[in-house]
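First the structure, in the form of structure tokens, and then the observations on it.
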Amino acid sequence: MATSQLNITANTPLGATVVPGGATFRTWAPMALEVYIALGHPTGTAPRAFPKRVADLLVKDAHGYWAGFVPGVKDGDLYRFYVVGTGSEGFKRDPYARELELNGYPDCNCIVRDPTGYPWHDEGFRPPGFNDLLIYQFHIGVFYAKDSAGNDIRRHRIGKILDVVDRIEYFADLGVNAVMPLPFQEYQGENSLGYNGTDLFSPEMDYSVPPEDLAPYLGRVNRLLTAKGCAPMTAAQLTGQINQFKAFIDLCHLYGIAVITDVVYNHAGGGFDDQSLKFYDRQPYTTDNNSLYFTDQDHAGGRVFAFWKREVRQFLIDNAKFLLEEYHVDGLRYDQVTVIAESGGWSFAQNLASTLRFVKPSAVQIAEYWDDERWKGIAAPPYGMGFDIGYGDALRDSLRAVIGECAGGRDTHVNLNPLRDALYVTHKSPGRWTVLQCIENHDLLYVDHEGRDRQPRIAALADPTDARSWYARSRAKVATGLLLTAPGVPMIFMGQEFLEDKYWTDWPGRPELLIWWAGLEGQDKHMSDQHRFTRDLLWLRRKHPALRGEGLNVFHVHHDNRVIAMHRWVPDIGRDVVVVASLNEQTLFHYTLGFPGGGHWNEIFNSDVYDQWFNPHAQGNPGGVDADGSSWDGMPASAGLTLPANSLLVFTRDGGDF
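Listed below in structure tokens is the structure:
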């Protein structure tokens, strides 16, 4: 007799689900001849040595789903499916498995996990509004890892998610309010960018800490918990990949930081193994169009999902819902939505966006969509896909171009018009916040495993001969300063905040490309100066709503002087802020500039102060300026300013929110 059908309905969740008295198991394998549940079966067993007992046989319904209830199964038990198809037979990992065994991958068992088993502490957390987001992007495997003695150990092993726990207070102090780790779904091998995942519901096991090494991490986690008045965790509660990722997210929330996960729904793999979801129902190995979940289309070395299949679309939507509901994430960044749209996934993308908005309206959905008509990524259906925020490259490309032109010397012509125009880009949406802005990210700066690089860090772009020169330092401040005062949602990439000047890679063979924390910690004062600059400007953006608001007027552009200025405000309210950037290599005195109103304007930020902090020779306007001059630049008033060389200044009459 086949497995019990107790607790099995058409709505039984896919995967393994703990219920009173045991667990249900359900999987989609429409062309399979038989599917068995293999509980705790030893890994390394030859497939045909599996005893196909009738009692372990799941029952197939009319829609190709196999299901059964097994009494006595509990959290932590091991399982796989054994699939008999017309092309082959053997074990398959559950595509919905919440966690995989640490040892033996890819020939490993799945682990039954009770989603209620983690003791969450984040019930009081509310993520920032979409227009308030300040995002920090990083790669778990190379970002940060120190041993108990404080030694950097990234040269010796891949970083773990619990290593990043040590940086949560750093994030909170820096002023970002959201972090975006590169994808952490299980992928083949130890080192990867993360965009080749094969087990989408399981966290990357190489990012987890095994039980025997957990003790020092438990102490660090509990220090952060008790500092916020929470009870400490036990070792059992922190054991396992899924609980460790949940602990990271939980702690981020306790320290006021949202977590946005990077997900890949355009393709999976490569590096598929025989137990993966490719050819899941074990049809003959002919064309990949016969592989159940995929097409024969290639992208980034993997296979594009078969978006025309309802079950495949549901699999991906279920994964996104799972991250929101079980991991408590605060948003998703969708990799290369362009590929989805071009591969028959337009309606899938619309359904994905609308479903998640219903499930968790506060969760931000960010689309990497590079079509010529970018607005379609965020426009509402039927004309668009309906995501919240879309990637922008106009500010990135124009600002990098300007910095590169300035590196040519003081006599080089610098065209500021593309930068001016880029500040206005909105993807044709009613909100300027719908554009994700960055000048460094994981794609731009990456060195692949063959040593091929892409674009340099801003400091290296600003002065290719010396990334620590005054020219590099000051221009990098202007570039980051414009990013953090411009419309849109700004994102910085790991190390950008402290003048990291190297490319980056996930490849362990290039340890010299690891971001240099020791420089920030005292070995390079320029790094600590840049960090202070970035931190203060992030907090300034948080303090002044005009810098996050919709109001924008780029009212002054002077190519010869290399000066650009913009007025930011909150529509119908005011709270005006004026931002002035100069890329002139000399200080400009008595520089006439328009202001949106007369009276006294305080200089609340001056990048020149941060060079050799505290710079006793800083130029600027201490005490502020009086805009008592006549109309100028189309503005009702004007003032004479001192503009330091290669600088960013911010003026306001508003006291800010705190």
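In numbering that gives the first Met the number 0, the protein residues as written are 0 to 657.
The beta-carbon is built from N, C-alpha and C at its ideal position, and this holds for glycine as well.
{"query": "With a threshold of 8 Å, are at least 3 pairs of Cβ atoms found where one atom belongs to the region 56-63 and the other to the region 92-109?", "result": "no"}
{"query": "Taking C-beta to C-beta, are I241 and R112 nearer than 8 Å?", "result": "yes"}
{"query": "From F200 to E372, what does the alpha carbon distance come to, in whole angstroms?", "result": "32 Å"}
{"query": "Report the rounded CA-to-CA distance for E496 versus F90, giving the unit in angstroms.", "result": "47 Å"}
{"query": "With a threshold of 7 Å on Cβ separation, who are the neighbours of V56 within its own chain once the five nearest residues in sequence on each side are excluded?", "result": "In the sequence under discussion, the amino acid at residue 56 is Leu, which differs from the Val named in the question. Closer than 7 Å at Cβ, skipping near neighbours: A1, T2, E33 and Y35."}
{"query": "Please state whether the Cβ-Cβ distance between R451 and D575 is less than 8 Å.", "result": "no"}
{"query": "Give me the Cβ distance between L351 and L315, rounded to the nearest whole Å; I'm assuming they're in contact under 8 Å.", "result": "7 Å"}
{"query": "Give me, in chain order, the residues of the same chain whose beta-carbon lies closer than 7 Å to that of N288; leave out the 5 immediate sequence neighbours on both sides.", "result": "T294 and D295"}
{"query": "Take Y326 and list the residues in its own chain whose beta-carbon comes closer than 7 Å to its own, dropping the five residues that flank it on each side.", "result": "F244, K245 and I248"}
{"query": "Helix, strand or coil: how does DSSP classify E185 here?", "result": "strand"}
{"query": "Would you tell me roughly how many angstroms separate the C-alpha atoms of L181 and G75, rounded to the nearest one?", "result": "27 Å"}
{"query": "In angstroms with no decimal places, state the Cα-to-Cα distance between D131 and V488.", "result": "7 Å"}
{"query": "By the three-class DSSP mapping on this structure, what secondary structure does E602 have?", "result": "strand"}
{"query": "Considering T479, what are the terminal residues of the alpha helix (DSSP H) in which it resides?", "result": "W469 to T484"}
{"query": "Report yes if the CB atom of H138 is closer than 8 Å to the CB atom of D442, and no otherwise.", "result": "no"}
{"query": "What residue range is occupied by the uninterrupted alpha helix (DSSP H) comprising V358?", "result": "W345 to V358"}
{"query": "Excluding the five sequence neighbours on either side, which residues of its own chain have a C-beta within less than 6 Å of the C-beta of L276, listed in chain order?", "result": "P94 and Y292"}
{"query": "Is it buried or exposed for P455, if we count other Cβ within 10 angstroms and need 16 for buried?", "result": "buried"}
{"query": "Could you give the residue range of the beta strand (DSSP E) that holds G89?", "result": "E88 to K91"}
{"query": "Can you list, in chain order, the residues of its chain with a C-beta nearer than 6 Å to that of V83? Leave out the 5 residues immediately preceding and following it.", "result": "L32 and E33"}
{"query": "What does R196 pair with, by DSSP beta-bridge criteria?", "result": "Residue identity check: residue 196 is Gly in the sequence provided, not Arg. Note: G196 sits in a beta bridge opposite Y186."}
{"query": "Report yes or no: is there a C-beta of chain D within less than 8 Å of the C-beta of E122?", "result": "In the structure shown, chain D cannot be found, because there is only a single protein chain."}
{"query": "Have a look at Q585 and A340 and give me their C-alpha separation to the nearest angstrom.", "result": "49 Å"}
{"query": "So, with DSSP's three-state summary, where would you put Q364?", "result": "strand"}
{"query": "Check whether the region 427-444 touches the region 380-394, counting contact only when three or more Cβ pairs, one atom from each stretch, lie closer than 8 Å.", "result": "yes"}
{"query": "Should the region 628-646 be regarded as contacting the region 535-548, the criterion being three or more beta carbon pairs within less than 8 Å?", "result": "no"}
{"query": "Alpha carbon to alpha carbon, how far is T479 from H448? Give it in angstroms, no decimals.", "result": "29 Å"}
{"query": "Start and end of the alpha helix (DSSP H) containing E310?", "result": "R309 to E324"}
{"query": "Quick one: what's C109 bridged to in DSSP?", "result": "Y78 and L99"}
{"query": "What are the boundary residues of the alpha helix (DSSP H) that includes I139?", "result": "I139 to F142"}
{"query": "Compare the beta carbon distance of L99 and R92 with 8 Å and say whether it is the shorter of the two.", "result": "yes"}
{"query": "I need the boundaries of the alpha helix (DSSP H) containing M565, first residue and last residue.", "result": "No alpha helix (DSSP H) contains M565, which is instead part of the beta strand (DSSP E) from V562 to V569."}
{"query": "Helix or strand or just coil, what does DSSP make of V333?", "result": "Here the sequence assigns Tyr to residue 333, which means Val is not the residue at that position. Here Y333 sits in strand by DSSP."}
{"query": "Since T260 and L322 should fall inside the 8 Å C-beta cutoff, what is the C-beta to C-beta distance between them, to a whole number of angstroms?", "result": "6 Å"}
{"query": "Can you check whether the CB of M179 is closer than 8 Å to the CB of Q136?", "result": "yes"}
{"query": "Suppose only complete runs of 3+ residues qualify. What are the beta strand (DSSP E) ranges in the region 368-453, listed by chain order?", "result": "388-390 and 434-436"}
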